[in-house]
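So in this note's numbering, spot 93 of the sequence shown is number 101, and the numbers just go up one at a time.
What follows is a short report on a single structure.
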Amino acid sequence: IQFDNLGAKPAKGLDFNHLKISNLNLGADDLSFADGAIKVKVNNGSLKDKSGFILNELKGDAVYTDKQIKLVNFVLRTPNTSINNSTELNFTSMDDLTKHPERVRLSLNLKNTTIGLKDAGFFSDAIPANYRNEKIKINANVNGYLNNLNIPQLQISGLKNTQIDISGKAKGLPDINKTFLDLNIKKLHLTKADILVAVPKNSLPPSIELPNVVNAKGVFKGSMTDFNTNLNIKTDMGGAVVVASMKGAKGKESYKANISLNNFNVGRLLKQQATIGRVTVKAAVVGTGLDPKTINAKFNAQVLSATYNKYNYRNLAISGTYAKQLVNIKGNMPDSNANFNLDAHINMAGKYPAVRADVNLKQVDLQKLNFSTT
9 IQFDNLGAKP AKGLDFNHLK ISNLNLGADD LSFADGAIKV KVNNGSLKDK SGFILNELKG
69 DAVYTDKQIK LVNFVLRTPN TSINNSTELN FTSMDDLTKH PERVRLSLNL KNTTIGLKDA
129 GFFSDAIPAN YRNEKIKINA NVNGYLNNLN IPQLQISGLK NTQIDISGKA KGLPDINKTF
189 LDLNIKKLHL TKADILVAVP KNSLPPSIEL PNVVNAKGVF KGSMTDFNTN LNIKTDMGGA
249 VVVASMKGAK GKESYKANIS LNNFNVGRLL KQQATIGRVT VKAAVVGTGL DPKTINAKFN
309 AQVLSATYNK YNYRNLAISG TYAKQLVNIK GNMPDSNANF NLDAHINMAG KYPAVRADVN
369 LKQVDLQKLN FSTT
């Protein structure tokens, strides 16, 4: 079977304007068509297109009406892909699918499904060349109205080595600005290679080095601007625990966070391993506003250990405030080779920060701090 739309230019991949299909096989029964409703039981289907796309198997029961789309025991197999799916969409009219998600009820069940990115490449040229032999495995159980979904199970794994296992609820979709999530993150395993493919090019500062592996688990409840979260993160650079909350409209944000870094290789993260090493710190901040001109916040930190210039500093305590573009910092460290008290004031209102600091040096050994050889 060959079809050519002479008014359309040929495109890469599976080109629906220029098809050349061979080995076509389709077997179906219980076919009915009445009042715009279609029902069919597909027993077998297969084909091969000139693009190289191969469909090995297609079967399942399908229903299409003006109020329902339903697939039962749907199976699709190619040399790279295996989909086992039962899906049901119920609505009052076709317009609901695009205009009224609150009227569309979904039931989705994916079992042991594998999506081959080589097949995705027949439909999109957005797949990176070095990922076209990768696969994504999915197990999912999702139900509810499109704007109020229950997610008992969502497991995704694949690419180079990404693993996601979450459950929860999602409200407000498809408008991401109105979406409210209540997620139990059982497992989130990401690799540097997969992160770099997922994030927009040039969105990461060149001065930042990502960890090779990131593992996280915890909870997230809220929207992108109004949320509570508790995450336990482990990487090959070190560990972190983040307990944070934020709420309020833009310009009136209020937030609170407690962050702990455990033996974290900050030098590697900042690409400054020659001078900065690992850091263990507990920090807290509470405040309002994100604009530097209107921030009003209090903060404190306990630096249990931090390596700088190959010396391991211990027990640095810092506390301070940020208000009206003025930063006030008090600190002290009883380290045997760097014992001091600090009282600093920074004015952020000018073109450049203006710093005034009083430092009470009780004891400093520059040689042991590796600032002097004599």
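C-beta: ideal position from N, C-alpha, C; glycine also.
Being a predicted model, the structure only gives us computed values, none of them experimental.
Item: Presumed contact (8 Å Cβ cut-off) between Leu114 and Val80, rounded CB distance; Value: Contact doesn't hold; Cβ gap of about 15 Å is too wide.
Item: Spatial distance of Asn340 from Ala292 (CA atoms); Value: 17 Å
Item: Extent of the continuous beta strand (DSSP E) run through Lys145; Value: 143-153
Item: Straight-line Cα distance separating Ser253 from Ala331; Value: 20 Å
Item: Span separating the alpha-carbon of Asn368 from that of Glu217; Value: 36 Å
Item: Burial state of Leu32, where buried means 16 or more other Cβ atoms lie within 10 Å; Value: exposed
Item: Where Gly275 sits in the DSSP three-state scheme; Value: helix
Item: Three-state class that DSSP yields for Asn336 in the structure shown; Value: strand
Item: Residues of its chain near Val207, where Cβ-Cβ distance is below 7 Å and the 5 sequence neighbours each way are ignored; Value: none
Item: Same chain only: Cβ atoms within 8 Å of Glu261, ignoring 5 sequence neighbours per side; Value: Thr233, Met254, Lys255, Thr296, Gly297, Leu298
Item: Ile193 to Val363 span [Cα, whole Å]; Value: 43 Å
Item: At least 3 beta-carbon pairs within less than 8 Å: the region 86-102 vs the region 65-76; Value: yes
Item: The alpha helix (DSSP H) enclosing Ile203, as first and last residue numbers; Value: 200-206
Item: Distance CB(Thr243)-CB(Val221) smaller than 9 Å; Value: yes
Item: Other residues of its chain near Lys47: CB distance less than 6 Å, five sequence neighbours each side excluded; Value: Ser40, Val71
Item: Sequence-distant residues of its chain with Cβ nearer than 6 Å to Asp202 (five each side left out); Value: Leu167, Lys168, Thr170
Item: Opposing strand residues paired with Met254 [DSSP bridges]; Value: Phe235, Tyr263
Item: Extent of the continuous beta strand (DSSP E) run through Leu162; Value: 156-166
Item: Inter-residue spacing [alpha-carbon to alpha-carbon] between Tyr316 and Gly275; Value: 9 Å
Item: Assigned exposure category for Gly35 - 16 Cβ within 10 Å defines buried; Value: exposed
Item: Of the listed residues Ile184, Asp183, Phe188, nearest to Lys177 (C-alpha basis); Value: Phe188
Item: Collapsed DSSP secondary structure at Glu110 in the structure displayed; Value: helix
Item: Minimum C-alpha distance to Leu334 - residue among Thr106, Thr95, Ile303; Value: Ile303
Item: Distance, Ala314 Cα to Gln280 Cα; Value: 14 Å
Item: Ser231 vs Ala248 beta-carbon contact at 9 Å; Value: no
Item: Coarse secondary structure for Leu118, derived from DSSP in three states; Value: strand
Item: Rounded straight-line distance, which links the Cα of Val311 to that of Asn345; Value: 16 Å
Item: Three-way DSSP call (helix, strand, coil) for Leu191 in this model; Value: strand
Item: Whole runs of the beta strand (DSSP E) within the region 300-369, excluding any shorter than 3 residues; Value: 304-316, 319-331, 334-343, 346-355
Item: 7 Å Cβ shell around Asn141 - same chain, five flanking residues per side excluded; Value: Lys126
Item: Residue closest to Ser165, alpha-carbon to alpha-carbon, out of Ile174, Phe235, Gly328, Ile159; Value: Ile174
Item: DSSP three-state assignment for Ala128, whether helix, strand or coil; Value: helix
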